[in-house]
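Visitor: Below is the structure I would like to discuss, written out as structure tokens.
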Amino acid sequence: MQNNNQQPSKLQSDLKQFGFWGFLKRIAKFFLRKIGINVNSYYYIVNHIDAEARRKQFEAANLPPVKELAYDDFLKGDTSVFNEKKLTLIQQRLADGTYKAFGIIENGLLIYSCWISLKKLESSNACVEGDLDENEGLLVDAYCSPTARGRGLHGAMNAYRLWQLSQNGKSQAVVIVLKENKPAYKSQMKVGFRVAFTYYEASVWGNTFTNYYKRKKTYKENAGK
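Below is the structure:
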């Protein structure tokens, strides 16, 4: 008998998340990484938080109960995602005190998790790092179980995180989105984000390059006019 609860394969999940052309780009990047070359392009997007609108948007989604996550909650997630390396990072974030994690546990399983950073800017590698501006918070590291996709969790939880940032004294949110991750990009646009600038990060045989700092400086200079 066929198991109707069988989870989609990683191939199926990646095709759904990135689309056909985005998936092909990921394959090409995979082989480039094999020879020591890693190049990615990103959207740096910002949101001047409308706290009341985001609260109403979240509540209208009528999600299962959302809770602030502790370390043990992540042990209820997919072990192929929340592996030893990921769990170590989670411990570090929770110990840091400037990160908060939120999620949904359904039938004893962690089906959705996401984070906000109240101080630190994160990116895919050490090319881009530092502190956020005082009024900024970062949305980072959202995960939805393949079996829970298509239920509108990501969009509603984006609204929830924006609301939580406002509750922690932040008036602006920042997200960094991989360019080919179209679903993530579209979900951020639905909660009021806009593209501030795009940039690249590259690692070639151990040497790292980025135009992030130049693009961020230009953006801030133009925003101040």
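Each residue of the sequence shown is one higher than the last, beginning at 950 in the working numbering. All C-beta atoms in this analysis are idealised placements derived from N, C-alpha and C, irrespective of residue type, glycine included. Since we're looking at a predicted model, the values are computed, not measured.
(1) Report all residues from its chain with a CB closer than 7 angstroms to the CB of Tyr1109; omit the five preceding and five following residues, and keep chain order.
(2) Are the Cβ atoms of Tyr992 and Tyr1168 separated by less than 9 angstroms?
(3) Evaluate Ser1029 with the Cβ neighbour count: other Cβ atoms within 10 Å of its Cβ, from every protein chain shown; 16 or more gives buried, anything less gives exposed.
(4) Confirm, please, whether the CB-CB distance from Gly1086 to Gln1250 is below 9 angstroms.
(5) In the DSSP assignment, the alpha helix (DSSP H) including Ala1002 goes from what residue to what residue?
(6) Which whole runs of the alpha helix (DSSP H) in the stretch 1087 to 1160 are 4 residues long or more, in chain order?
(7) How many angstroms separate the CA atom of Asp1045 from the CA atom of Lys1068?
(8) Counting C-beta neighbours from all protein chains within 10 Å, is the total for Trp1154 16 or more, i.e. buried, or is it exposed?
(9) For the beta strand (DSSP E) holding Lys1068, just list the boundary residues, first then last.
(10) For Ile1039, which residues in the same chain have their Cβ closer than 8 angstroms to its Cβ, ignoring the five residues on either side in sequence?
(11) When DSSP builds the beta bridges, which residues end up paired with Ala1172?
(12) Any idea if Asn1171 is buried or exposed, counting beta-carbon neighbours within 10 angstroms, 16 or more meaning buried?
(13) For the beta strand (DSSP E) containing Ile1053, list its first residue and its last residue.
(14) How many Å lie between Asn898 and Val1144 at the Cα?
(15) With C-beta atoms as the reference, is Ala1009 less than 9 angstroms away from Ser1115?
(16) Contact defined as beta carbons within less than 8 angstroms: I believe Glu1150 pairs with Ser1072. What is the distance between those atoms, to the nearest angstrom?
(17) Taking just the CA atoms, how far does Ala1097 sit from Arg1042?
(18) Keeping to the same chain, check which residues put their C-beta closer than 8 angstroms to that of Asp1080; ignore five residues upstream and five downstream.
(19) Count the other C-beta atoms from every protein chain shown that fall within 10 angstroms of the C-beta of Leu973, then say buried if there are 16 or more, exposed otherwise.
(20) Would a C-beta distance cut-off of 9 angstroms place Leu1059 and Asp1082 closer than the cut-off?
(21) Tell me the residue span of the beta strand (DSSP E) that contains Ile994.
(22) Would DSSP call Asp1080 helix, strand or coil?
Guide: Checking against the coordinates, here is how it stands:
(1) Phe1007, Val1015 and Phe1051
(2) Note that the C-beta distance between Tyr992 and Tyr1168 is not below 9 angstroms.
(3) exposed
(4) This structure cannot speak to residue 1250, because the chain is shown only from 950 to 1174.
(5) Ala1000 to Ala1010
(6) 1102 to 1116 and 1131 to 1138
(7) 10 angstroms
(8) exposed
(9) Lys1068 -> no beta strand (DSSP E), and no H or E assigned at all.
(10) Around Ile1039: Tyr1020, Phe1023, Phe1031 and Ala1050.
(11) In the DSSP output, where bridge partners are listed per residue, Ala1172 has none listed.
(12) An exposed status is given to Asn1171, since fewer than 16 other beta-carbon atoms sit within 10 Å of its beta-carbon.
(13) Tyr1048 to Glu1055
(14) This structure gives no information on residue 898, because the portion of the chain shown stretches from 950 to 1174.
(15) no
(16) 7 angstroms
(17) 25 angstroms
(18) Lys1068, Lys1069 and Leu1070
(19) Result: exposed.
(20) no
(21) Ile986 to His997
(22) strand
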